[in-house]
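Enquirer: One structure, pasted below without further comment.
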Amino acid sequence: RKFDNYASQRNAALKEVNNKSRWILMVDADEIVSESLKIEIKNIIKSNSAVSMFRVRRKDMFQGKWLKHSTGYPTWFPRLFKNGKVIVEREINEEYKSLGPVSNLSNHLIHYPFNKGIYWWFHKHNIYSEMEAKKMKEEINQPLEFFSLFTSDSLLRRKFFKRLSYKLPFRPQIIFLIFFIFRKGFLDGYYGYTFCRMRKIYETMIDIKFKLIQRG
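Here it is, written out as structure tokens:
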């Protein structure tokens, strides 16, 4: 299937799953299911769980080191769900709408975002930044849902802070400080500092492209 955006790509793939399959495990090409997560998933699908969607945390690896702090860990990603019970929305950094209860898994996916090297990471995020700039133009004037600050749903809080960041001056610099200082990215040492700088560059790319889109 020709790629257009992440939401429609995933929705198209989900529709191809045979109806006889009750559960779907969705794993990206740079993610590995840990042994402990595999066991946990097997136990869940054997049970009569009423949950429709499970989220999982990732361990982001860089130069053989787990970036526990500088990536904003823990962030949750929907990866296990019942067939026909989930719809994917938003073209980049997708959002998942579940038609039933949602829960979290205890164990981790192992994520290798640099498995093709630093050059490939920048190439990929050059594409991502253009998609995010377009979404920023769509979402920047949408009202902030402040109730999200008080929800137990970490994904709703993350969505709120993302939209809040759109309205801030010096956004890339603020995001660098949040991840390196307040989220204690400095505890990841040199690799944490490097990753936070790369994240700042990515956010700068989004802002530059957003301004170009505004100018038409």
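End of the sequence shown = 1678 in our numbering, gap-free, step of one.
For glycine and all other residues, C-beta sits at the position ideal for the given N, C-alpha and C.
The model shown is predicted, which means the values in this text are computed figures rather than measured ones.
1) CA-CA distance, PHE1576 and ARG1520?
2) Can you list the beta strand (DSSP E) stretches of 3 or more residues lying completely in the segment 1556 to 1598, in chain order?
3) Output the boundary residues of the beta strand (DSSP E) element that contains PRO1634.
4) Closest by CA to GLY1534, which one among LEU1542, LYS1544, MET1523?
5) Over the uninterrupted beta strand (DSSP E) stretch that includes LYS1523, give me the two end residues.
6) Any contact between the segment 1564 to 1571 and the segment 1638 to 1645? By contact I mean 3 or more CB pairs, one from each, below 8 Å.
7) Decide if PHE1608 is buried, meaning its Cβ has at least 16 other Cβ atoms within 10 Å, or exposed.
8) The beta strand (DSSP E) that contains ILE1549, what's its start and end?
9) Give me the Cα-Cα distance between GLY1647 and LYS1482, rounded to the nearest whole angstrom.
10) Is it right to say GLU1551 is buried, meaning 16 or more other beta carbons lie within 10 angstroms of its own, or is it exposed?
11) Any idea if LEU1542 is buried or exposed, counting beta-carbon neighbours within 10 angstroms, 16 or more meaning buried?
12) Can you give me the start and stop residues for the alpha helix (DSSP H) that ARG1625 sits inside?
13) Candidates VAL1548, GLY1579, ASP1669: which alpha carbon is nearest VAL1564's?
14) Mark ALA1595 as exposed unless 16 or more other C-beta atoms lie within 10 angstroms of its C-beta, in which case mark it buried.
15) Out of VAL1518, ILE1503, PRO1634, TYR1655, which has the shortest C-alpha to C-alpha gap to ILE1572?
16) Can you give the beta carbon distance from ARG1633 to GLU1601, rounded, assuming they're within the 8 Å contact cut?
Expert: Let me lay it out:
1) To locate residue 1576, count along the sequence shown from 1; it is residue 114. To locate residue 1520, count along the sequence shown from 1; it is residue 58. If I take the Cα positions, the gap works out to 14 Å.
2) 1557 to 1560, 1564 to 1573
3) The count along the sequence shown starts at 1 and reaches residue 1634 at position 172. Unbroken run through PRO1634 is the alpha helix (DSSP H), 1633 to 1639; no beta strand (DSSP E).
4) Counting from one through the sequence shown, the residue named residue 1534 turns up at place 72. The option with the nearest alpha carbon to GLY1534 is MET1523.
5) Along the sequence shown, read from residue 1 onward, the residue named residue 1523 stands at position 61. Note on identity: in this sequence residue 1523 is Met, with Lys being the wrong assignment. MET1523 -> beta strand (DSSP E) spans 1515 to 1524.
6) no
7) As a working mapping, residue 1608 is identified with position 146 in the sequence shown. Exposed is the call here.
8) Start at 1 with the first residue of the sequence shown, and residue 1549 comes out as number 87. Where ILE1549 is concerned, the enclosing beta strand (DSSP E) stretches over 1548 to 1551.
9) Your numbering for residue 1647 matches position 185 in the sequence shown. Your numbering for residue 1482 matches position 20 in the sequence shown. In a straight line, the C-alpha of GLY1647 is about 45 Å away from that of LYS1482.
10) The residue you call residue 1551 lines up with position 89 of the sequence shown. With fewer than 16 other Cβ atoms within 10 Å, it is exposed.
11) Counting from 1 along the sequence shown, the entry for residue 1542 is found at position 80. Buried, because 16 or more other Cβ atoms sit within 10 Å of the Cβ of LEU1542.
12) Translated into the one-based positions of the sequence shown, residue 1625 becomes position 163. It spans 1616 to 1627 - the alpha helix (DSSP H) in which ARG1625 sits, taken as one unbroken run.
13) Along the sequence shown, read from residue 1 onward, the residue named residue 1564 stands at position 102. Ranking VAL1548, GLY1579, ASP1669 by Cα distance to VAL1564 puts VAL1548 first.
14) Within the sequence shown, the letter at position 133 stands for residue 1595. The residue in question, ALA1595, is buried, as its Cβ has 16 or more Cβ neighbours within 10 Å.
15) If you number the sequence shown from 1, residue 1572 lands on position 110. ILE1572 has its Cα closest to that of VAL1518, out of VAL1518, ILE1503, PRO1634, TYR1655.
16) Against the sequence shown, residue 1633 aligns to sequence position 171. Against the sequence shown, residue 1601 aligns to sequence position 139. Contact flag wrong, Cβ pair sits at about 14 Å.
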